[in-house]
Amino acid sequence: MDILLLIIFLFGLCWGSFLNVVAFRLVSGRSFFKMRSACPKCEQLIFWYDNIPLVSWILLKAKCRKCKESISFLYPFIELLTGFMLVLLYQRCLPKFSSLYYYLATNPVVEGFDISFANLAKQVPAQNYFSFFIFFIFLSALIVATRTDFQAMVIPQICTFWLIPLGLIASYFGFTYISTMQSLIGAILGYGLLWIIAFLFKTFTKRDGLGIGDMELLAMIGSFLGPVGVWFALMLGSFSGLILGGLFLLILKKDRFTRIPFGPFLGLGAFLYFLFDQQIIFFFWG
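In the numbering used here, the protein residues as written are 1122 to 1407.
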């Protein structure tokens, strides 16, 4: 196993733990600087040995040490998600440094097959380190948006609207694989598409569907991935939301009017397009 991949995964667990804190404090309105992490019910301070990513949640059996309040599954889920996403981000932006890339690119067993990671070197620009950093921020924002939307049906502007300028600037310097014009069009299209869908939904059903947070999230996605990225993020997000959301309603026996957060599915669609853009385009359009 590539030791560097293991290190990146472990760092991802720690970073995911930090993103959990960011998401929780954004939703609860708690200060980022004046308070240590504490149980939201009994206010017991959380010491380092109860704050080890993934491990502490398992050892504590998903309960607060003092009051036995349940600890949400979102904590280990976000930590694991971040760990795996950073490994895949590394493979996407810096494949030449990975033993997995070397294996896929040189092994005669896979030679001649259209394997994404084996062809990534052709797509990596000279500024790949900057691209890694830019998309590290992008994916962190998607994870925070996923966490807050799951928890409170809220997507903070700090991880959507306020990152659109970063997408535009990064595209200008060639760090996001799209042009500045594509970035601008993607941001406008992302917001506009969901605004039109929300308007039509409310016109015909007299009920609110999508929120402003979803529109700003897709606009941010568009600024990093362009108009094609917006289209596939929306399509893949809608498809996965229909399937997984339907299963959620079925398993929990909820009625069809139960609100389901759409942000996590947009984030999933955006991440899949980011990883496999050329393969996805070829699959649909040949």
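Don't be surprised by glycine CBs; every beta carbon is placed ideally from N, CA and C.
(message) Can you tell me where the alpha helix (DSSP H) holding TRP1283 begins and where it ends?
(response) Premise fails: TRP1283 is in no alpha helix (DSSP H) and is neither H nor E.
(request) Note down the Cα distance separating GLY1133 from LEU1201, rounded to an integer number of angstroms. (result) If you take the alpha carbons of GLY1133 and LEU1201, they lie about 8 Å apart.
(request) Can you say whether TYR1293 is buried or exposed, counting buried as having 16 or more other CB atoms within 10 angstroms of its CB? (result) Around the beta carbon of TYR1293, a 10 Å sphere encloses fewer than 16 other beta carbons of the protein chains shown; the residue is thus reported as exposed.
(request) Starting from the C-beta of ILE1098, find all residues in its chain whose C-beta is less than 8 Å away, skip the five residues before and the five after it, and write them out in chain order. (result) Residue 1098 cannot be examined here, being either before or after the span of the chain that is shown, 1122 to 1407.
(request) Give the DSSP-derived three-state secondary structure of SER1191 in the structure shown. (result) Strand.
(request) Pull up the distance between the alpha-carbon of GLU1190 and that of LEU1180, whole angstroms please. (result) The alpha-carbon atoms of GLU1190 and LEU1180 are separated by roughly 14 Å.
(request) From the DSSP output, in three-state form, read off LYS1327 for me. (result) When DSSP states are grouped into helix, strand and coil, LYS1327 belongs to the coil group.
(request) Could you work out which residue in VAL1275, PHE1257 and TRP1169 is closest to GLN1212 when comparing CA atoms only? (result) Closest by alpha carbon: PHE1257.
(message) Using C-beta distances below 7 Å, list every residue in its chain close to VAL1275, excluding the 5 sequence neighbours before and after it, in chain order.
(response) VAL1148, THR1269 and GLY1334.
(request) Would you be able to state if there are at least three C-beta pairs under 8 Å between the stretch 1250-1265 and the stretch 1317-1333? (result) Flag = no, the stretch 1317-1333 and the stretch 1250-1265 do not touch.
(request) Measure the C-alpha to C-alpha separation of PHE1253 and LYS1327 and round it to an integer number of angstroms. (result) If you take the alpha carbons of PHE1253 and LYS1327, they lie about 44 Å apart.
(request) Could you give the DSSP three-state label for LEU1396: helix, strand or coil? (result) DSSP, read as helix, strand or coil, puts LEU1396 in helix.
(message) Applying the 10 Å Cβ sphere with the 16-neighbour rule, what's the burial state of LEU1367?
(response) Position check: residue 1367 holds Gly in this sequence, whereas Leu was assumed. Flag for GLY1367 reads exposed.
(request) Using 10 angstroms around the beta-carbon of ALA1239, count the other beta-carbons present and answer buried if the total reaches 16, otherwise exposed. (result) Confidence in ALA1239 is poor, its pLDDT being 44 and thus under 50, which makes the residue's placement too unreliable to answer from.
(request) Work out the CA separation of ALA1340 and LEU1305 for me, nearest whole Å. (result) Those two C-alpha atoms are separated by around 9 Å.
(message) Relative to the C-alpha of GLY1347, which candidate in TYR1394, LEU1357 and LYS1323 has its C-alpha closest?
(response) The candidate whose alpha carbon is nearest that of GLY1347 is TYR1394.
(request) Find the nearest neighbour of CYS1163 within the set PHE1153, ALA1144 and LYS1184, judged by alpha-carbon distance. (result) Cα-wise, what sits closest to CYS1163 is LYS1184.
(request) Along the alpha helix (DSSP H) that carries THR1267, what are the first and last residues, could you check? (result) Run containing THR1267: 1249-1273, per the alpha helix (DSSP H) assignment.
(request) Assuming GLY1358 and PHE1392 form a contact by the criterion Cβ under 8 Å, report the distance between their Cβ atoms to the nearest whole angstrom. (result) About 10 Å; that fails the 8 Å criterion.
(request) Tell me whether ALA1354 sits in a helix, a strand or coil according to DSSP, three-state version. (result) Helix, per DSSP.
(request) Report buried or exposed for PHE1153, applying the criterion of at least 16 other Cβ atoms within 10 angstroms of its Cβ. (result) Exposed is the call here.
(request) Please name the residue in ILE1381, ARG1146, THR1324 and ARG1186 whose C-alpha comes closest to that of LEU1365. (result) The option with the nearest alpha carbon to LEU1365 is ILE1381.
(message) Are the CB atoms of GLY1384 and ALA1262 within a distance shorter than 8 Å?
(response) No, Cβ-Cβ distance for ALA1262 and GLY1384 is not below 8 Å.
(request) Please state whether DSSP places LEU1166 in a helix, a strand or coil. (result) In this structure, LEU1166 counts as strand in the three-state DSSP scheme.
(message) Whole angstroms are fine: how far does the CA of VAL1208 sit from the CA of ASP1329?
(response) Using only the alpha carbons, I get a separation of about 38 Å.
(request) Have a look at the DSSP bridge pairing and note the partners of LYS1184. (result) LYS1184 is bridged to SER1191.
(request) Report yes if the CB atom of LEU1338 is closer than 8 Å to the CB atom of THR1281, and no otherwise. (result) Against a cut-off of 8 Å, the Cβ pair of THR1281 and LEU1338 comes out as a contact.
(request) Please state if the CB of ILE1199 and the CB of ILE1128 are separated by a distance shorter than 8 Å. (result) Taking 8 Å as the Cβ cut-off, ILE1128 and ILE1199 do not qualify as a contacting pair.
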